[in-house]
Amino acid sequence: MSFFCRLVPIRSAVVTFPHNLRRLQSTASVIDGPPVTETNRAESTMKRFWKDVGIEKRRESFTVTLDRRALKTPSGNTLLLPGNKMLIATLVATEWDNQDKLLKPHALPIDLKESQTSLVSRAIDSLGEEAVREEVCHALLEYLDTDTICFHEDYPPQLVTLQTKHWDPLLEWARNTFKVEIHKFESILSNKQPEATKQRFIEELKTFTSWEMAAMERATYITKSFLIALALVKRFITVEQASIAARVEVSSQIERWGEVEDSHDVDFHDIRRQLGSAACLLSLT
1 MSFFCRLVPI RSAVVTFPHN LRRLQSTASV IDGPPVTETN RAESTMKRFW
51 KDVGIEKRRE SFTVTLDRRA LKTPSGNTLL LPGNKMLIAT LVATEWDNQD
101 KLLKPHALPI DLKESQTSLV SRAIDSLGEE AVREEVCHAL LEYLDTDTIC
151 FHEDYPPQLV TLQTKHWDPL LEWARNTFKV EIHKFESILS NKQPEATKQR
201 FIEELKTFTS WEMAAMERAT YITKSFLIAL ALVKRFITVE QASIAARVEV
251 SSQIERWGEV EDSHDVDFHD IRRQLGSAAC LLSLT
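Counted from 1, the sequence shown has number 162 at position 162 by the UniProt record's numbering; the numbering is strictly sequential.
Structure (structure tokens):
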């Protein structure tokens, strides 16, 4: 038995679809069912080709729908979410419902690397495949040797205080939880972590679900820190704590020289937003 929920009223009932959508953007396989073929009135823009956005229950899963047709991933898979991820379904649906009448092809949720839709698609399309997972594991481990929280400075005092407060607990947690050695470095010229440590983390990553792996991948790339990302995925720290830990050096500069409005604050909120997007994949509701 299925249900359909309309998120919000849609103002426009007239929808057109560009004849050359495939050329402009690879979104032709975004929805189930026969493709819409109405002629586009303007070559330079795309008009929103769906009226209603909803969420349907399909057996034990949820799917987001555009005009009752299920969203598809870039690889053509139906975007199905486990029954315990209603929150993710709601976030994906909201991204599509918030699209304007006139679309910018490069800004569709299916293609925006920062979007919840692209993150979910990554988990569904790729991170269940063993070859891809192995490649991702090794790519993420490269961040361990250059991990921000392993490089501690002894000046200025503000930075030392922030390092001790936000980085040392993460290092101690990782050492104790995974029973590994993690070295601190003073120079980028000698920054290799023990091979046994790397192997232990590879073993841990192999136990991740595709959702956890997608969250880990995004969090690592955003924070430039394998250990901050791991602590977030393992729920040792919150999104707020991860965001602060990722910006310790910037925070030190702000304490010394002041904040650059519309720069430092915007960067922080962007990091927090993207980490929040990753953390939502770990939600059980």
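Glycine residues also receive a C-beta, built at the ideal position from the N, C-alpha and C atoms.
The model shown is predicted, which means the values in this text are computed figures rather than measured ones.
If contact is defined by three or more beta carbon pairs under 8 Å, each pair taking one atom from either stretch, is the stretch 229 to 248 in contact with the stretch 167 to 178?
yes
Residue range of the unbroken beta strand (DSSP E) whose run includes F201
Taken as a continuous stretch (DSSP letters only), F201 belongs to no beta strand (DSSP E), being part of the alpha helix (DSSP H) at 195 to 206.
Report the three-state DSSP secondary structure of T146 (helix, strand or coil).
coil
Buried or exposed for S121, going by 16 or more other Cβ atoms inside 10 Å?
buried
Spatially closest choice to L284 from L80, P157, W211, K57, by CA coordinates:
W211
What's the C-alpha gap between F268 and E172?
25 Å
Which residue from R58, G276, P157, W96 puts its Cα closest to that of E249?
P157
Applying the criterion that 16 or more other CB atoms from any shown protein chain within 10 Å of the CB defines a buried residue, is T207 buried or exposed?
exposed
Let me confirm a value: D147 is counted as buried when at least 16 other C-beta atoms fall within 10 Å, else exposed. Which label applies?
buried
What did DSSP end up calling R235 once you bin it into helix, strand or coil?
coil
Among L91, V53, Q99, G76, whose alpha-carbon lies nearest the alpha-carbon of K47?
Q99
In whole angstroms, give me the CA-to-CA distance for A123 and N191.
31 Å
Does the count of Cβ pairs from the stretch 213 to 220 and the stretch 274 to 282 closer than 8 Å reach three?
yes
Under 7 Å between the Cβ atoms of T73 and D125?
yes
My understanding is that Q55 touches F62, with C-beta atoms under 8 Å, so please give their C-beta distance in whole angstroms.
Correcting the residue identity first, residue 55 is Ile in this sequence and not Gln. Right, their Cβ atoms sit about 6 Å apart.
When burial is assigned at 16 or more other CB atoms within 10 Å of the CB, is T220 buried or exposed?
buried
Using DSSP's beta-bridge definition, name the partner residues of L80.
T63
Taking all protein chains shown into account, do 16 or more other C-beta atoms lie within 10 angstroms of the C-beta of E195, making it buried, or fewer, making it exposed?
exposed
Quick check on A139: buried or exposed, where buried means 16 or more other Cβ atoms within 10 Å of its Cβ?
exposed
Among all the DSSP beta bridges, which residues are the ones paired with F185?
F151
Buried versus exposed, by CB contacts within 10 Å (16 or more), A131
exposed
When the Cα atoms are used, what is the spatial distance from S251 to R175?
26 Å
Which class does L71 belong to by DSSP, given the choice of helix, strand or coil?
strand
Considering P156, what are the terminal residues of the alpha helix (DSSP H) in which it resides?
That residue, P156, is in no alpha helix (DSSP H); it is neither H nor E in DSSP.
Roughly how many whole angstroms lie between the Cα atoms of T16 and E95?
With a pLDDT of 33 at T16, under the threshold of 50, the modelled position of that residue is not reliable, and no figure is offered here.
Quick one: grab the DSSP three-state call for N191.
coil
Decide if K198 is buried, meaning its Cβ has at least 16 other Cβ atoms within 10 Å, or exposed.
buried
First and last residue of the uninterrupted alpha helix (DSSP H) at S126
Segment: none, S126 is in no alpha helix (DSSP H) and carries neither H nor E.
Classify S251 as helix, strand or coil using the three-state DSSP reduction.
helix
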